[in-house]
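*Asks:* Under UniProt numbering, the first residue of the sequence shown is numbered 1, with each subsequent residue one higher. All residues carry an ideal CB built from backbone N, CA and C; glycine is no exception. Just so you know, these numbers come straight off a predicted model, no measurement behind them. What follows is a single structure, and I will ask about it in a moment.
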Amino acid sequence: MSYPFLTIPGLASSGPQHWQSIWEQQYPQYFGRIEQDNWDWPVKTEWVGRLQEEISRLNGPAYLVAHSMGCMTVAHWAQEYSSGYIKGALLVAPADVELSKRLNFVVGFKPVPITKLPFRSLVVASTNDMYASIERSRKFADDWGSEFVNLGRKGHINAVSGLGDWQEGKTILQDFSGINFAF
C-alpha cells in the first residue's frame, strides 16, 4: 500500500510523544513509517538502503516527512537514487552531522550532501536546536534548493520541545503538499 506521506524518523525512531508518531496514529491511512534495524546507531548505507527499499515499493505519489537524521538520510538517498513517485520532502530540524559534537557516532553521513534535491523541499528549523544552528540549517536549505522556515525557539522540534501533535507542522505540511489530511 502506498501512503501519501512517508515519515523518516531520526535517532530513537521518534518515540510515542513525537509529532511524527502522533500523526501516524491519528491518520494511519495517510502516513507510513520507514523503519530501521538500529535506531540508535545510524549507518548511512543501512539507513539509505532501507529508505530505497520502501520507496521502490511505492505505486503512487508520496511526500517524505523527515526529522533530524531522517533529513540527512533523505539528502543522501537523493544523491544515490531517484523515484518519480517522490513529489517533495518536508525536512524538519536536519541534524548537523559535520559540526554537532553530539553526533560523533554516526557512520558515513559526512560530508553533508550539497547538491540540489531533485524534488521540491522545505527545511523547517529552530533558532535553539542543539543539533544544528539556524545558520547551518539555512545553508542546508540553500544547498538543497529548499524553501526555508524559521520557527523561532522550538528546540529540536521533537517530543522534548513539547509540541504534541504539532498543529503548526500540520499546516506547513498541508500547505506544502496540497493534501488536506487533518479533518
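Going by the DSSP bridge assignment, what does Gly32 pair with across the sheet?
*Replies:* Numbered from 1 along the sequence shown, position 32 holds the residue referred to as residue 32. Leu6.
*Asks:* Look at the alpha carbon of Pro9 and the alpha carbon of Asn150, and state the distance between them as a whole number of angstroms.
*Replies:* In the sequence shown, the residue the question calls residue 9 occupies position 9. In the sequence shown, the residue the question calls residue 150 occupies position 150. Pro9 and Asn150: Cα-Cα distance of roughly 20 Å.
*Asks:* Using a 10 Å radius around the Cβ and a threshold of 16 neighbouring Cβ atoms, would you call Ala12 buried or exposed?
*Replies:* Translated into positions along the sequence shown, residue 12 becomes position 12. Looking at its Cβ environment, which holds fewer than 16 other Cβ atoms inside 10 Å, Ala12 is exposed.
*Asks:* Give the C-beta separation of Asp165 and Ile22 to the nearest angstrom, bearing in mind that I take them to be a contact with Cβ-Cβ under 8 Å.
*Replies:* Reading the sequence shown from its first residue, position 165 is the one you call residue 165. Reading the sequence shown from its first residue, position 22 is the one you call residue 22. About 4 Å separates the two Cβ atoms, so the contact holds.
*Asks:* By the DSSP assignment, the alpha helix (DSSP H) with residue 186 in it spans what residues?
*Replies:* Coverage of the chain is limited to positions 1 through 183, which leaves residue 186 absent and any answer about it impossible.
*Asks:* For the region 56–87, list the beta strand (DSSP E) runs that are entirely contained and at least 3 residues long, ordered along the chain.
*Replies:* Complete beta strand (DSSP E) runs here, min 3: 62–67.
*Asks:* If we ignore side chains and look at the alpha-carbon of each, how far apart do Leu163 and Gln79 end up?
*Replies:* One-based indexing of the sequence shown puts residue 163 at position 163. One-based indexing of the sequence shown puts residue 79 at position 79. Cα to Cα, the separation comes out at about 32 Å.
*Asks:* So, using beta-carbon positions, are Pro113 and Ala75 closer together than 8 Å?
*Replies:* Locating residue 113 in the sequence shown gives position 113, counting from the first residue. Locating residue 75 in the sequence shown gives position 75, counting from the first residue. Yes, Cβ-Cβ distance for Pro113 and Ala75 is below 8 Å.
*Asks:* Kindly list the residues whose CB is nearer than 8 Å to the CB of Glu168, restricted to its own chain and excluding five residues on each side of it in sequence; keep chain order.
*Replies:* Numbered from 1 along the sequence shown, position 168 holds the residue referred to as residue 168. Same-chain partners within the cutoff: Leu151.
*Asks:* Helix, strand or coil: which one does DSSP assign to Leu51?
*Replies:* Here residue 51 refers to the residue found at position 51 of the sequence shown. Helix, per DSSP.
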